[in-house]
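**Q** Here it is, the structure in full.
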Amino acid sequence: MTDDVRKDVLAVYATADAAVGAVAPRCDASGRCCRFTEYEHTLFISAFEAEILLDNAPFYEQPVSRDGCPFQIEGLCTARDTRPLGCRIYFCDANYQARMAEITEESLAKLKQIADAHGTGWHYAPLHHFLDAPRAARPNDHVGDSMTPPATRVPLPVVHHSGG
Ligand code: SF4
3 MTDDVRKDVL AVYATADAAV GAVAPRCDAS GRCCRFTEYE HTLFISAFEA EILLDNAPFY
63 EQPVSRDGCP FQIEGLCTAR DTRPLGCRIY FCDANYQARM AEITEESLAK LKQIADAHGT
123 GWHYAPLHHF LDAPRAARPN DHVGDSMTPP ATRVPLPVVH HSGG
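Under my numbering, the first residue of the sequence shown carries the number 3, and numbering increases by one thereafter.
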């Protein structure tokens with residue numbers, strides 16, 4: 003990813019963060035949003051988001067199942083700074099669902115515009131698809147370190163289960 007593309011994608015993150023912040027949906031920090039199968043949803047991300055996430059992600063074991071995110075540890079996100087758009091926008095707060103759909107649509111449209119403008123192509127798939135791709139060793143990949151909690155752990159943006 004070029005610096006220009008990265009800058010544009012991070013601007014989409016900032017706009018989405020601001021839009022979510024303006025609504026301030028309720029979060030019970032249950033961690034449910036990152037346990038996909040258990041709570042019957044799937045986190046789709048673009049190749050842009052995958053690259054930004056994996057550039058700075060903590061070590062994780064492969065293969066990754068579709069059931070949940072390996073960066074959730076003890077209910078907390080260990081990749082919060084570079085988490086994908088869905089993680090930034092998704093909250094279970096019933097009063098926020100309509101706005102959540104709008105912010106999601108707006109953000110995705112902007113990502114697609116970036117792909118078009120830079121001629122990168124568009125690749126969008128469930129999180130585990132990208133996490134299971136072969137990856138080059140990264141500076142923070144240390145086998146055996148996966149039990150070491152990063153210092154930056156913060157509560158997840160999650161709320162109660164709507165009950166279906
Ligand atoms: S919020 Fe963090 S732990 Fe949850 S799915 Fe996103 S990256 Fe993974």
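Beta carbons: idealized from backbone N, C-alpha and C, even for Gly.
Note that this is a predicted model, so its numbers are computed, not measured.
Helix, strand or coil for residue 31, going by three-state DSSP, please let me know.
**A** If DSSP states are grouped into helix, strand and coil, residue 31 belongs with coil.
**Q** Between residue 69 and residue 40, is the Cβ-Cβ spacing less than 9 Å?
**A** Taking 9 Å as the Cβ cut-off, residue 69 and residue 40 qualify as a contacting pair.
**Q** I believe residue 22 touches residue 85 by the beta-carbon criterion, under 8 Å. Please report the beta-carbon distance rounded to the nearest angstrom.
**A** Going by Cβ atoms, the distance from residue 22 to residue 85 rounds to 12 Å, so no, they are not a contact pair.
**Q** Verify the contact flag: residue 86, CB atom, against every heavy atom of ligand 1, threshold strictly below 8 Å.
**A** Answer for residue 86: yes, Cβ within range of ligand 1.
**Q** From residue 10 to residue 49, what distance separates their C-alpha atoms?
**A** Roughly 14 Å between the two C-alpha positions.
**Q** Can you give me the Cβ contacts of residue 37 inside the same chain, cut-off strictly under 6 Å, excluding the 5 residues immediately before and after it?
**A** Here the set comprises 70.
**Q** Roughly how far, in whole angstroms, is the beta-carbon of residue 81 from the beta-carbon of residue 55, given that I think they are within contact range, below 8 Å?
**A** The Cβ separation is near 6 Å, so the contact holds.
**Q** When the Cα atoms are used, what is the spatial distance from residue 26 to residue 136?
**A** The straight-line gap from Cα to Cα measures roughly 37 Å.
**Q** Return helix, strand or coil for residue 93, following the three-state DSSP convention.
**A** Coil, per DSSP.
**Q** Could you tell me the alpha carbon to alpha carbon distance between residue 165 and residue 74, rounded to whole angstroms?
**A** For residue 165, the pLDDT reaches just 43, beneath the cut-off of 50, and the residue's location in the model is therefore unreliable, although a value from the coordinates is still provided. Taking the straight line joining both Cα atoms gives about 22 Å.
**Q** Going by DSSP, which residues form a beta bridge with residue 46?
**A** 128, per the DSSP bridge assignment.
**Q** Could you please give the first and the last residue of the uninterrupted alpha helix (DSSP H) stretch that includes residue 62?
**A** First-last for residue 62: undefined, no H or E at that position.
**Q** For the alpha helix (DSSP H) containing residue 8, name the first residue and the last one.
**A** Note, residue 8: alpha helix (DSSP H), 5-25.
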